[in-house]
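Taking my numbering as reference, the numbering of the sequence shown is continuous, increasing by one, and the terminal residue is 215.
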Amino acid sequence: MGTRGREIIGMNVDELLKMLDEAFASEWLAYYQYWLGAKLIKGPMKDAVAAELNLHATEELNHANLLAARIIQLGGNAVTDPRRWFDLSPCTYESPDDPYVAVLLDQNIAGEQCAISAYKRIMDATKDKDMVTYNLALTILEQEVEHEEDLQSLKEDLELMVSRANR
Ligand code: FE
Ligand code: FE
Ligand code: MG
Numbered sequence: 049m050g051t052r053g054r055e056i057i058g059m060n061v062d063e064l065l066k067m068l069d070e071a072f073a074s075e076w077l078a079y080y081q082y083w084l085g086a087k088l089i090k091g092p093m094k095d096a097v098a099a100e101l102n103l104h105a106t107e108e109l110n111h112a113n114l115l116a117a118r119i120i121q122l123g124g125n126a127v128t129d130p131r132r133w134f135d136l137s138p139c140t141y142e143s144p145d146d147p148y149v150a151v152l153l154d155q156n157i158a159g160e161q162c163a164i165s166a167y168k169r170i171m172d173a174t175k176d177k178d179m180v181t182y183n184l185a186l187t188i189l190e191q192e193v194e195h196e197e198d199l200q201s202l203k204e205d206l207e208l209m210v211s212r213a214n215r
């Protein structure tokens, strides 16, 4: 990256790159979990939920894009071997083996909550040290917060529907 751009970073660039690689690996796993879940999903409200899962998949892929750009700017090369995704990711990949709507929603809510914590940690680590990465983490965090809320409100609608139907 540009020499002045690197000079203004007040922290160890290798440590920074490690955090960004971990987030990058997580985004690919999140993308895949959403992408496949949207295809396998079964049960009430499946079309509405599938639309949201698909949208989130594209947004996770965009997060991977944003992270890759910053990693490369910092002199890294992102994660060249996808086999490392599982080791690097701070969040668990949850296979959509049970396609029931509520199960997929719970799995993805857990993923979002892990992502929120991970971007909060990146923000804490880069605050006053690397404004560019801090701002990037904030941009992504805002979307992860939105994702969690979207899924929790779909879960709430689903529960209301199921409990009313059983009255
Ligand atoms: Fe994401
Ligand atoms: Fe997300
Ligand atoms: Mg959404």
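C-beta atoms are modelled at their ideal positions from N, C-alpha and C, and glycine is treated no differently. Here the structure is a predicted model, which means the values were calculated and not measured.
Q: Thinking Ile157 and Gln200 are a contact (beta carbons under 8 Å), I'd like their distance in whole angstroms, please.
A: 6 Å
Q) Among the residues of its own chain, which have a CB less than 6 Å from the CB of His111, if the five just before and after it don't count? A) Glu75, Ile188
Q) Under a criterion of Cβ closer than 7 Å to any non-hydrogen atom of ligand 1, which residues qualify, in chain order? A) Glu75, Ala78, Glu107, Glu108, His111, Ala163, Ile188, Gln191, Glu192
Q.
Can you confirm whether the segment 131-147 touches the segment 74-93 when touching is taken to mean that 3 or more C-beta pairs between the two stretches lie within less than 8 Å?
A. yes
Q.
Taking DSSP's pairing of strands, which residues face Tyr148 in a bridge?
A. Lys90
Q: Report the three-state DSSP secondary structure of Leu122 (helix, strand or coil).
A: coil
Q | Same chain, Cβ closer than 6 Å to Gly91, five either side skipped, listed in chain order | A | Excluding its 5 nearest sequence neighbours in each direction, Gly91 has C-beta neighbours in its own chain below 6 Å: Tyr148, Val149, listed in chain order.
**Q.** Straight-line gap, Met93 to Leu202 (C-alpha atoms, nearest Å)
**A.** 9 Å
**Q.** Contact under 8 Å by Cβ, Arg52 with Val61
**A.** no
Q) So Glu207 is in the alpha helix (DSSP H); what residue range does that whole segment cover? A) 179-213
Q. What residue does the alpha helix (DSSP H) around Thr51 start on, and which one ends it?
A. 51-55
Q) Between Ala116 and Trp83, is the Cβ-Cβ spacing less than 8 Å? A) Trp83 sits away from Ala116, with the two beta carbons spaced by 8 Å or more.
Q) Would Gly124 be called buried (16 or more neighbouring beta carbons within 10 Å of its own) or exposed? A) Residue burial is scored here from C-beta neighbours: Gly124 has at least 16 other C-beta atoms within 10 angstroms and is therefore classed as buried.
Q. How many angstroms separate the CA atom of Thr140 from the CA atom of Glu197?
A. When only Cα atoms are considered, Thr140 and Glu197 end up about 20 Å apart.
Q.
Among Ile164, Gly58, Val193, Phe134, whose alpha-carbon lies nearest the alpha-carbon of Tyr80?
A. Among Ile164, Gly58, Val193, Phe134, the Cα nearest to that of Tyr80 is on Phe134.
Q: Could you check what DSSP says for Val61 in three-state terms: helix, strand or coil?
A: Under the three-state reduction of DSSP output, Val61 falls in the helix class.
Q) For the candidate residues Asp176, Ala71, Glu70, whose alpha-carbon lies nearest to that of Gly58? A) Comparing Cα positions, the closest option is Asp176.
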